[in-house]
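For reference, the structure is listed below as structure tokens.
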Amino acid sequence: MITSENLDFFAPKPSEIEGAFFIDNGISAGFPAPAEDFEQERVSLDEELVRNKETTFFAKVKGQSMINAGLNDQDLLVIDRSLRPEDKKIAVCYVDGEFTVKRLRVQGNEIWLQPENPDYPIIKITEENDFVIWGIVTNVIKKV
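First residue of the sequence shown: -13, per the working numbering; consecutive thereafter.
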């Protein structure tokens, strides 16, 4: 595990479990639906969430800078290092010795890291920064 001030990183471990039971016909969030005739199959979260096993990592969010994007403290991020960074994508970046998760803003040759919380400043990346876009967030797993 790698730890930084803003994120804790984990490499995915291969699962030996066949997957959890999956109810394919959905769960009603309105009026109750009859539970008869549903089929049980198994689903693997590895198969659903990890596109590229060799380049995918997990990290836990620390802090509140991305709450308006739905990323809360202790949420688990799925990060793919093989995906191309693009404007408006949520990225894990290495800036001046620290990892951070922010929304990319790219215009021409200029890059900003935009938090999704007005209490945090936008970070303008300059040539003076030690900067790497480490990976793109593909999914978030939340505890309820």
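Where is the CB? At the ideal position from N, CA and C, for every residue including glycine.
As the structure is a prediction and not an experimental result, all values here were calculated from the model.
Exercise. Taking Cβ positions, are VAL78 and THR42 nearer each other than 9 Å?
Worked result: Within the sequence shown, the letter at position 92 stands for residue 78. Within the sequence shown, the letter at position 56 stands for residue 42. Their beta carbons are not under 9 Å apart, which means VAL78 does not touch THR42 by this criterion.
Exercise. Quick one: Cα of LYS129 to Cα of VAL123, how far?
Worked result: Residue numbering aside, residue 129 sits at position 143 when the sequence shown is read from its first letter. Residue numbering aside, residue 123 sits at position 137 when the sequence shown is read from its first letter. Their backbone Cα atoms lie some 17 Å apart in a straight line.
Exercise. Between which two residues does the alpha helix (DSSP H) carrying ASP32 extend?
Worked result: Looking up residue 32 in the sequence shown gives position 46. Note, ASP32: alpha helix (DSSP H), 31 to 35.
Problem set entry | Inter-stretch contact (C-beta, 8 Å, three-pair minimum) for the stretch 47 to 54 and the stretch 99 to 112 | yes
For this session: Would you identify the three-state DSSP class for PHE8, choosing helix, strand or coil?
Result: By 1-based counting over the sequence shown, the position of residue 8 is 22. Because the pLDDT of PHE8 is 49, which lies under 50, any placement of that residue in the model is unreliable, and the question is left without a value.
For this session: Kindly give me the distance between the Cβ atoms of ASN115 and VAL87, rounded to whole angstroms, as I take these residues to be in contact under 8 Å.
Result: Here residue 115 refers to the residue found at position 129 when the sequence shown is read from its first residue. Here residue 87 refers to the residue found at position 101 when the sequence shown is read from its first residue. That pair is no contact at about 16 Å.
For this session: Counting only the same chain and skipping the five closest in sequence on each side, list residues whose C-beta sits under 7 Å from that of GLY56.
Result: Here residue 56 corresponds to residue number 70 of the sequence shown, with the count starting at 1. Excluding positions up to five away in sequence, the list reads VAL126.
Problem set entry | Distance between ASN(-8) and LYS110 (C-alpha atoms, nearest Å) | Here residue 110 is taken as the residue at index 124 of the sequence shown, counted from 1. Here residue -8 is taken as the residue at index 6 of the sequence shown, counted from 1. Cα to Cα, the separation comes out at about 18 Å.
Exercise. Just how far apart, CA to CA, sit ARG89 and LYS39?
Worked result: For this step, residue 89 is matched to residue 103 along the sequence shown. For this step, residue 39 is matched to residue 53 along the sequence shown. Each residue's alpha carbon lies about 24 Å from the other.
Exercise. Span of the beta strand (DSSP E) holding GLN100?
Worked result: Residue mapping note: residue 100 aligns to position 114 of the sequence shown, counting from 1. Counting along the chain, the beta strand (DSSP E) containing GLN100 begins and ends at 96 to 100.
Exercise. Can you tell me whether GLY83 is buried or exposed, with buried defined as 16 or more other CB within 10 angstroms of its CB?
Worked result: Locating residue 83 in the sequence shown gives position 97, where the first residue counts as 1. By the neighbour-count rule (16 or more Cβ atoms within 10 Å), GLY83 is not buried but exposed.
Problem set entry | Three-state secondary structure (DSSP) of THR41 | The residue labelled residue 41 in the question sits at position 55 within the sequence shown. Helix at THR41.
Exercise. Does the beta-carbon of ILE119 have 16 or more other beta-carbons within 10 angstroms, so that it is buried, or is it exposed?
Worked result: On the sequence shown, residue 119 is found 133 positions in, with the first residue counted as 1. Burial call: buried.
Exercise. Mind checking GLY94: buried by the 16 CB within 10 Å criterion, or exposed?
Worked result: As a position in the sequence shown, residue 94 is number 108, starting the count at 1. Counting Cβ neighbours within 10 Å, GLY94 comes out exposed, since fewer than 16 surround it.
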